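When the letters of the sequence shown are read in order and numbered with my numbering, they come out as residues 8 to 342.
To start, the structure under review is shown below, and the notes come after it.
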Amino acid sequence: MELTLDSPLDMHLHLRDGDMLKLTAPLSSDFAGAVIMPNLVPPVTTPDMMLAYAERIRAALDGAAFTPYMSLFFTALDEKALQAAISTPGFFGFKLYPAGITTNSEGGVSNLAEAERTLKLMEEMGIPLLVHGESHGFVMDREQEFLSVYRHLATAYPKLRISMEHITTAAAVELLDEFPNLCATVTLQHLLITLDDVAGGMLQPHLFCKPIAKRPADREALLQAALNGHPRLMFGSDSAPHPRCKKEACGCAAGVFTAPVALPKLAELFTTHGAADKLQGFISGNACRLYGLKPASKQVTLCDTPMQVPARYRSYGQEVVPMYAGQTLPWSIKN
Ligand code: DOR
Ligand code: ZN
């Protein structure tokens with residue numbers, strides 16, 4: 008059996024920088040493009056930093072046809088600064104992090120009131136807002152507690168395109184249906200695992216991410232929304248590599264490295280549920296329609312020939328462990 012996808016997009020990807028970027032960028036190059044997250048150290052806050060980062064990404068891709076859709080780390084900006092962002096080639100939108108909520112987000116927003124003027128301008132200027140939607144509450148409740156913020160944003164800025172990044176709960180899926188100006192990304196792991204897989208037995212550091220995987224009913228709601236072709240749900244892997252020593256550590260860094268297995272696992276997931284016809288919209292069509300993207304044409308064929316997932320990827324002095332490390336998956340990318 009084979010499945011051909013047109014211009015698959017990863018709408019939420021961490022590529023990091025330096026040697027880690029050199030290792031990870033080629034592992035996403037079966038995608039036609041991806042929205043690149045800005046949480047480097049220091050975060051990517053200016054058009055110049057963004058241009059330089061995009062150039063380093065291009066160099067790491069070594070000629071592969073892959074469009075980096077660049078995000079800037081949200082800070083309160085005036086109209087002139089927003090105009091400068093829009094006119095920078097490759098700019099996609101702003102990623103808003105609540106201060107300190109996840110990896111390298113210390114410079115994020117601590118008081119939403121200070122962001123409101125910028126958000127109004129973004130609405131007027133048609134700039135997408137991508138949000139890491141978690142409160143600082145109890146870890147299992149963080150996304151749910153943040154839904155009131157999404158509700159406020161969607162109501163106060165009805166023309167602002169707001170993406171709820173990496174949603175993990177049934178409640179977030181429900182909210183999506185309340186406001187037409189909300190859209191969402193969902194990761195591979197949140198379609199597949201629950202908290203039980205992370206911490207129900209021996210602790211699995213390579214499945215630890217933020218937001219943490221939730222309950223079976225949450226996973227089911229996410230999966231059904233994806234398999235039923237929800238028109239405002241997009242694939243965003245949130246593939247977030249960390250060096251093996253930072254994952255297998257006392258104080259494990261948050262992030263699941265899924266880039267190398269994302270397409271084969273999605274092909275398996277959608278075909279086993281009889282929803283192969285819904286994968287194209289999820290992996291590209293919805294994003295293209297919602298954001299007006301026109302990625303360069305790139306066809307990727309998946310087939311039901313098994314894939315042997317490496318135990319780790321090692322190069323440039325870096326070592327990362329992928330999801331399903333050492334396992335055999337039923338689908339693979341046809342070369
Ligand atoms: O698990 C995560 N890892 N969640 C995030 O929001 C950030 C990411 C990272 O950059 O490592
Ligand atoms: Zn992320």
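Ideal Cβ positions, reconstructed from N, Cα and C, are used throughout, including at glycine.
All values derive from a computational prediction rather than experimental measurement.
In the three-state DSSP reduction, Thr11 falls in the strand class (E or B). Proximity of the beta carbon of Ala71 to ligand 1 is not indicated: no heavy atom of the ligand is located closer than 6 Å.
The closest CA to that of Ala41, considering only His143, Tyr164, Asp203, Thr192, is found on Thr192. Under DSSP, Ser322 forms a beta bridge with Gln325.
Per DSSP, Pro250 is not a residue of any alpha helix (DSSP H), being assigned neither H nor E.
Per DSSP, the continuous beta strand (DSSP E) segment holding Gln306 begins and ends at 306 to 310.
DSSP places Tyr76 in the strand class (E or B) of the three-state scheme. Within the model, the alpha-carbon separation for Leu68 versus Pro105 is close to 31 Å.
Residue pairing for Pro50: DSSP places it in no beta bridge. Leu137 is positioned such that its CB atom lies no closer than 7 Å to that of Lys87.
Every residue whose Cβ sits closer than 6 Å to any heavy atom of ligand 2 is listed here in chain order: His19, His21, Met44, Asp245, Ala247. Contact annotation, Ser35 with Ala266: C-beta distance approximately 5 Å; criterion of less than 8 Å satisfied. Taking the Cα positions, Glu227 is about 12 Å away from Ala178. Between ligand 1 and the CB of Ala261, the shortest heavy atom gap is smaller than 6 Å. In terms of Cβ geometry, Met171 and Tyr157 form a close pair [threshold 7 Å].
Sorting Ala247, Cys259, Gly299 by C-alpha distance to the C-alpha of Pro135 places Gly299 at the top. Contact holds between the segment 36 to 56 and the segment 110 to 123, because three or more Cβ pairs, one in each stretch, are under 8 Å apart.
Shown here, Phe215 sits in coil according to DSSP, grouped into three states, outside any helix or strand. Ala120 and His143 have their C-alpha atoms roughly 17 Å apart.
For Phe277, the enclosing alpha helix (DSSP H) stretches over residues 269 to 279. Nearest to Leu16 by C-alpha distance, out of Ala163, Leu183, Ile290, is Ile290.
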